[in-house]
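Asks: Positions -19 to -1, 1 to 582 (mature numbering (1 follows the signal peptide of the UniProt record, and there is no 0)) are the ones given, in order, by the sequence shown.
Can you read through this structure? Questions will come right after.
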Amino acid sequence: MFATALTVALCFIVWAAVAPDSIAEVGSTMQSWVVRNLGWMYGAITVACAVFMIVIACRSTGRIKLGPDDAEPDFSTVTWISMLFAAGLGIGPIFYDPMEPLQHFLNPPPTTDAESGTMEAVRSALSQAVLHQASFAWGIYAMVGGSLAYTTHRRGRVPLISAVFEPIFPDGSNRVLGKIIDVAAVLVTLFGTATSLGIGALQIRTGTSILTGKPLEGNGFVVVAMSVLTVVFIISAVSGVKRGIALLSNINMGLVIALGLFVLVTGSTVFLLDLLPSTVYNLAENLLAMFQVSASEGKVEEEFLTSWTTLLWAWWISWSPFVGMFITKISRGRTIREFATVVVLVPSAISIAWFVIFGGTSIRMNLDGLGLEIKESGENVMFDTMDNLPFTGVTSIVVLIAVVIFFVTAADSATVVMGSMSQSGRAFPSKPVTIIWGAALGLIAIFLLLAGGRNALSGLQSIMVSCSVPFALIIIGMMVSWWKDLSNDPATIRRRYARSAVYKGVAKGIDEHGDDFVFGVDPVPAEEGAGAHFDSEDPELTDWYTDATSEDPEEARKQREEEAAATPDPWAAYSRTQENRAAAEAAEAAEKDAKEKDADG
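If you want it as structure tokens, here you go:
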């Protein structure tokens, strides 16, 4: 799998290096085709993931643990939430939080009738940005991360996307289709992360230009900066200094929180606090209208979806294997209900607050005539916003440091995840593989930035959208597979058996004694029990759980398979269940006939 994924990545690198104009043109054409013909699919998948998580959390499956029944969480709730908080922050918020709302305020999207410069446009701009980057995005992450956590921690399978498909394709990780799925996951992570690194590089160029007072035109500085930072994150990824990376992440989280509070206090505090509830209300009120916009309505709508809605949802899909792996590692021992609630709501709440604080501030500065505008790709907006607040020099340095740290930590983690996925779920990928993926990540980001020309970000974004299509289809399959797994989970089986036992016991009591009986539990022959039609101890239904709860699930599975006397038959449990059901029904009918004969006699 490693060779296949690397070959595809190298082809892109060579293509981008030799013919940057060609790859930019092809990427733009593919992106336009995706928006026109598959834009509806991205919207449907985004909503489906959110609805799916709500359903499995609210049903009885919500009580199932991501791990054995007696598993305890690896982290305290506060620590777990703080990790999710950190995952909710990154290069994207620093770039988009002040810029996207301002863009929608200056050029109201086709989802609203608001006029530019009005308070209605303010609320519409913020709610549109929240739609793109808050709860629905985290619904995707929660679905991918939850299915991976379930298949890894509860089922004891390897931590690969293909392992989620085992209910549909047994032993899928070792089959051709499974390899294709994992290669797609690696590639979509590669291009999705490269896009974020490209944004980070552009912001580093802008911040350095502002702090030094020297204009840095073109992409020369970007290439140098990305080359240096690529070497840094590769060294970090192969050195194993994870404590240092964790410390940097915590420091960065503190910097961003402090920055947000600083903007809230020194900016238009009352204005921002008023916007917080009104933004949420406006989003709820206009949610359906925002989803109804399609590329077939006209050129304006198509351009908006290309630049924003479809682009961003494709981005979240491309990041979902990477973020999903991270969420999987920290969520063992949580119930599905707890997982779905916290993973979706906590980062979403953070995103809403940050968009209101930074986006509301940039809009207010524009309303106050401070000349805040969007230049080129928009990487200037955060720095220009800081320029209109106290302690400009300090805050601009903080923003630049935050971008650099996010760049290194995100690239470090993505490199390790890609190495792990390309080596069959290996927890600690080999150093050569890690170095290769780190270099590929840096090179793709550099060459696609160059391919974008003046609007450097466009080359990255167009390729990322195109590459996200296969994984969008994979996400649909993941939902189906996870649902099938949950339907056959021991906890689900126990509840199904309990309902059957209670129903049959009460029915028999009423039939034999009317209202005057008590409900009890007595041992009876297997064929006469409430669950006669179901064998809860059938190895076909229990072996996987026994394997998953052992110290080495993979070794336990191999040993059991080697010791098995008979060839495993996936339909054996079903056949025995049907035979037991038929026998129970025949015995019940015979008993009923005997009673009728006795009554007649």
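Glycine is no exception: its CB is placed at the ideal position from the N, C-alpha and C atoms.
1. How long is the line joining the alpha carbons of residue 491 and residue 467, rounded to whole angstroms?
2. For residue 89 versus residue 110, is the C-beta distance shorter than 9 Å?
3. For residue 463, which residues from the same chain have a beta carbon less than 7 Å from its beta carbon, with the 5 sequence-adjacent residues on both sides left out?
4. May I ask you to report which of helix, strand or coil DSSP gives residue 46?
5. Jot down the residue ranges of each uninterrupted alpha helix (DSSP H) in the stretch 261 to 319, minimum 4 residues, whole runs only, in chain order.
6. May I ask you to report which of helix, strand or coil DSSP gives residue 35?
7. How far does the alpha helix (DSSP H) with residue -14 in it reach, from first residue to last?
8. With a cut-off of 9 Å, does the C-beta of residue 238 fall near any C-beta of chain C?
9. Is residue 387 near residue 181, with beta carbons less than 9 Å apart?
10. Under the three-state reduction of DSSP, which class applies to residue 166: helix, strand or coil?
11. Would residue 302 pass as a contact of residue 167 if the rule is Cβ separation under 9 Å?
12. If distances are taken between C-alpha atoms only, which option among 577, 14, 448 and -7 comes closest to residue 276?
13. Would you mind working out which of 29, 252 and 486 sits nearest residue 461, comparing C-alpha positions?
14. Buried or exposed for residue 480, please, with buried defined as at least 16 other CB atoms from any protein chain shown within 10 angstroms of its CB.
15. Given a cut-off of 9 Å on the beta-carbon distance, is the pair residue 11 and residue 446 in contact?
16. Residue 357 lies in the alpha helix (DSSP H); which residues open and close that run?
17. Throw me the rounded Cβ distance for the residue 150 and residue 137 pair, which I believe falls under 8 Å.
18. Which two residues bound the contiguous alpha helix (DSSP H) that contains residue 489?
19. Let me confirm a value: residue 207 is counted as buried when at least 16 other C-beta atoms fall within 10 Å, else exposed. Which label applies?
20. For a test of the three-state rule: what should DSSP assign to residue 141, helix, strand or coil?
21. Between the Cα of residue 35 and the Cα atoms of 320, 299, 257 and 419, which residue gives the shortest distance?
22. Taking the C-alpha atoms as reference points, what is the distance between residue -11 and residue 540?
23. Quick one, are the C-beta atoms of residue 316 and residue 44 less than 9 Å apart?
24. Measuring alpha carbon to alpha carbon, tell me which residue in 295, 441 and 261 is nearest residue 25.
25. Could you work out which residue in 252, 264, 334 and 142 is closest to residue 456 when comparing CA atoms only?
Replies: Result, derived from the coordinates:
1. Distance from the CA atom of residue 491 to the CA atom of residue 467, rounded to whole angstroms, is 34 Å.
2. Cβ distance not < 9 Å, so residue 89 and residue 110 don't count as in contact.
3. Non-local beta-carbon contacts of residue 463 in its own chain, meaning distances under 7 Å to residues more than five positions away in sequence, involve 128, 131 and 145 in chain order.
4. Reduced to three states, the DSSP call for residue 46 is strand.
5. Within the stretch 261 to 319, the complete alpha helix (DSSP H) runs of at least 4 residues are 280 to 285 and 291 to 311.
6. Of the three classes helix, strand and coil, the one that applies to residue 35 here is helix, per DSSP.
7. -18 to -2 is the span of the alpha helix (DSSP H), which, as asked, contains residue -14.
8. Looking for chain C here will not work: only one protein chain is present.
9. Yes, the pair counts as a contact, with Cβ atoms nearer than the cut-off.
10. The DSSP-derived three-state label of residue 166 is helix.
11. Contact: yes.
12. The shortest Cα separation from residue 276 among 577, 14, 448 and -7 belongs to 14.
13. Checked all of 29, 252 and 486; the closest Cα to residue 461 is 29.
14. So residue 480 ends up on the exposed side.
15. A contact, by the Cβ cut-off of 9 Å.
16. In the DSSP assignment, residue 357 falls outside any alpha helix (DSSP H) and carries neither an H nor an E.
17. Rounded to whole angstroms, the Cβ separation of residue 150 and residue 137 is 17 Å, and the two are not in contact under 8 Å.
18. Start and end: 471 to 494.
19. Flag for residue 207 reads buried.
20. If DSSP states are grouped into helix, strand and coil, residue 141 belongs with coil.
21. Ranking 320, 299, 257 and 419 by Cα distance to residue 35 puts 320 first.
22. Spanning the two alpha carbons is a distance of roughly 37 Å.
23. Yes, these two residues count as a Cβ contact at 9 Å.
24. Here the closest residue by C-alpha is 295.
25. Ranked by Cα distance from residue 456, the options 252, 264, 334 and 142 are led by 142.
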